[in-house]
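Chains as they are written, first to last, in my numbering: chain C, 1 to 146; chain B, 1001 to 1415.
Ideal placement from N, C-alpha and C gives every residue a C-beta, glycine not left out.
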């Protein structure tokens, strides 16, 4: 039967080995793969400004991006492709709560510049390689056909 | 929030959903951390047989943590935050948390160091707390790139809840089992090593399941899939361990309520964290469920089973010891246990049904997000009913806690 010192060796050995592999893979991911998948060369000052506005207003408190956030409002990683620039800017600059199908969004009433920065952020993230997410639905979308 | 999901967002102008949500997740983290800290302040001195080195400083630490928490929550209502899920608190407050946690760790480690004994249970618990503090730091680095930001955010969130917090949970669980079942310490601590070993072997590389679809390379699909499939083993280990030790135990501790919570946490964490996590962790499934209410289903039962219940277990065990009142088997305490558990399981089922419906309608049928949400509103009515039941259970627990919490003359008389 397993002794306590063997159990401790299993714990320490397993932890150190897993951690070493994890660090090595993370290093490879961050230095080689992420810049390629996310087109890091396209991170313009507008995109970065957009990300700051995104965080300052806790957009993730309702929406998801890269599938992460809250599940109260639509996923936005591909919103640039789905809705286009005009629609996005209208929502962001609206002075009354945007409320399609009952749910309300906070009326941020952003300036033209802020809305443009956020659009730049959405445009940049729209091009990220996400290993096939979000999956293409098997049937026709109901979007924009009402 | 449940009502908002049903389409009655009457509070929108006062508390928009994102504020409610930030308060909800942050209160969860802060109360659990306070619970862990409280548990450590009780367990470490007892295990090391040395009084806490500076009790006054511990009070300062507790009060300052509460003050920072309150400031953060007030700030959220005035758009003062850093919108990153679970790490919403603004940067200046982050630094206060760091100072606070360092104080806490200093007290715990100094006590452990000066103590007569360094038991495995105490070491595992302290290690969990120490790593938890260290892992908070990657979450404080600014990245221009959303993918990098997310990558390191998971170092905090995932490696906390599926890594070092399990060490804390394992340490507390081992302590409770030693006290309640009376099984030999050597046996319990040996299995504790095996369980935390399994936790780290599966959990560290299991972080890969958060890297499937965020712009990280494809090899995480395989690594995350394989190692996160092993994650339930650690929780299964805890469940089998708790039940086996309970059966084996010869001493029958009279504190029935603490026993219920102890066995409950081991079993519910296996179901909520282990099995429901496994249900959507495979990349082929997660491609459709990522970022839907399915995640909320898993999240609620996992946090409740693994961390909420362990904190309530340690409170139920320690309170009678500290007040000297033998509150071991009260009707209200038992009712609190069952109501909160049944309520939470009901909520999990409601989230699950809503989530699965959402996945099929939105991700497979291609219906628009808003159309789908209208179709699944009804499930949130069930959710609110179950949440009411859950809250009633928790209210009863708090009622007992306050009513019997303060030591008074009655407690002295019964001694």
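Using the DSSP secondary-structure output, state which residues sit across from residue i in a beta bridge.
i	result
residue 1355 of chain B	For residue 1355 of chain B, which the question treats as bridged, DSSP gives no partner whatsoever.
residue 1088 of chain B	According to DSSP, which records beta bridges pairwise, residue 1088 of chain B is partnered with nothing at all.
residue 1368 of chain B	Looking at the DSSP assignment, residue 1368 of chain B forms no beta bridge with any residue, so it has no partner.
DSSP state of residue i, grouped into three classes?
i	result
residue 69 of chain C	strand
residue 1051 of chain B	coil
residue 1348 of chain B	helix
residue 1392 of chain B	helix
residue 38 of chain C	coil
residue 64 of chain C	strand
residue 75 of chain C	strand
residue 1107 of chain B	helix
residue 121 of chain C	helix
residue 1077 of chain B	coil
residue 1340 of chain B	helix
residue 1019 of chain B	helix
residue 1329 of chain B	coil
residue 1306 of chain B	helix
residue 1031 of chain B	helix
residue 138 of chain C	coil
residue 969 of chain B	With chain B covering 1001 to 1415 only, the question about residue 969 of chain B has no answer from this structure.
residue 1071 of chain B	helix
residue 1005 of chain B	helix
residue 103 of chain C	coil
residue 1255 of chain B	coil
residue 1113 of chain B	helix
residue 132 of chain C	coil
residue 110 of chain C	coil
Do the CB positions of residue i and residue j come within less than 7 angstroms of each other?
i	j	result
residue 1355 of chain B	residue 1285 of chain B	no
residue 70 of chain C	residue 1021 of chain B	yes
residue 1159 of chain B	residue 1135 of chain B	yes
residue 1216 of chain B	residue 29 of chain C	yes
residue 1328 of chain B	residue 1232 of chain B	no
residue 11 of chain C	residue 1128 of chain B	no
residue 135 of chain C	residue 46 of chain C	no
residue 1261 of chain B	residue 1207 of chain B	no
residue 72 of chain C	residue 1017 of chain B	yes
residue 1364 of chain B	residue 137 of chain C	yes
residue 55 of chain C	residue 1082 of chain B	yes
residue 1213 of chain B	residue 14 of chain C	no
residue 1112 of chain B	residue 1126 of chain B	yes
residue 80 of chain C	residue 129 of chain C	no
residue 1266 of chain B	residue 1239 of chain B	yes
residue 1269 of chain B	residue 1227 of chain B	no
residue 1245 of chain B	residue 1183 of chain B	yes
residue 1170 of chain B	residue 1195 of chain B	yes
residue 1340 of chain B	residue 1390 of chain B	yes
Just to confirm the assignment, what range does the alpha helix (DSSP H) spanning residue i have?
i	result
residue 55 of chain C	45-56
residue 1164 of chain B	Careful: residue 1164 of chain B lies outside any alpha helix (DSSP H) and carries neither H nor E.
residue 82 of chain C	79-93
residue 1121 of chain B	1120-1136
residue 1272 of chain B	Residue 1272 of chain B -> no alpha helix (DSSP H), and no H or E assigned at all.
residue 1193 of chain B	1185-1206
residue 1218 of chain B	Where residue 1218 of chain B is concerned, there is no enclosing alpha helix (DSSP H), given that its DSSP letter is neither H nor E.
residue 996 of chain B	The structure shown does not extend to residue 996 of chain B, since chain B is modelled only from 1001 through 1415, so no value can be given for it.
residue 16 of chain C	4-28
residue 1150 of chain B	1146-1159
residue 1012 of chain B	Where residue 1012 of chain B is concerned, there is no enclosing alpha helix (DSSP H), given that its DSSP letter is neither H nor E.
residue 1422 of chain B	Only positions 1001 to 1415 of chain B appear in the structure, and residue 1422 of chain B is not among them; the question remains open.
residue 1289 of chain B	1283-1289
Determine whether the Cβ of residue i lies closer than 7 angstroms to any Cβ atom of chain E.
i	result
residue 1082 of chain B	Although the question refers to chain E, the structure presented lacks it and instead comprises the protein chains C and B.
Report the residues of the region 1148-1167 of chain B with a CB closer than 7 angstroms to any CB of chain C, ordered along the chain. 1148, 1150, 1151
Would you list, in chain order, the members of the region 1359-1373 of chain B that have their beta-carbon closer than 8 angstroms to a beta-carbon of chain C? 1362, 1363, 1364, 1365, 1366, 1367, 1368, 1369, 1370, 1371, 1373
Taking only beta carbons into account, state which residues of the region 18-46 of chain C come closer than 9 angstroms to chain B, listed in chain order. 18, 19, 21, 22, 25, 26, 28, 29, 30, 32, 33, 34, 35, 36, 37, 38, 40, 43
Proximal residues, the region 71-102 of chain C versus chain B, C-beta separation under 8 angstroms: 71, 72, 73, 74, 75, 97, 100, 101, 102
What residues in the region 1377-1401 of chain B have a beta carbon less than 7 angstroms from any beta carbon of chain C? none
Going along the region 1284-1298 of chain B in order, which residues come within less than 8 angstroms of chain C, judged by CB to CB distance? 1287, 1288, 1290, 1291, 1292, 1293, 1295, 1296
Residues within the region 1175-1195 of chain B neighbouring chain C, beta-carbon criterion of under 7 angstroms: 1186, 1189, 1190, 1193, 1194
Mind listing which residues of the region 52-73 of chain C have their C-beta closer than 8 angstroms to chain B's C-betas, in chain order? 54, 55, 56, 57, 58, 59, 60, 61, 62, 64, 65, 66, 67, 68, 69, 70, 71, 72, 73
Against chain C, which members of the region 1218-1230 of chain B pass a CB distance test of less than 9 angstroms? 1218, 1219, 1220, 1221, 1223, 1227
Contact list for the region 128-143 of chain C against chain B, Cβ threshold 9 angstroms: 128, 129, 130, 131, 132, 133, 134, 135, 136, 137, 138, 139, 140, 141, 142, 143
Please name the residues in the region 1133-1148 of chain B whose beta-carbon is closer than 7 angstroms to at least one beta-carbon of chain C, in chain order. 1144, 1145, 1146, 1147, 1148
Got a sec: which bits of the region 1061-1088 of chain B sit with their beta carbon under 7 angstroms from any beta carbon on chain C, in order along the chain? 1079, 1081, 1082, 1083, 1084, 1085, 1088
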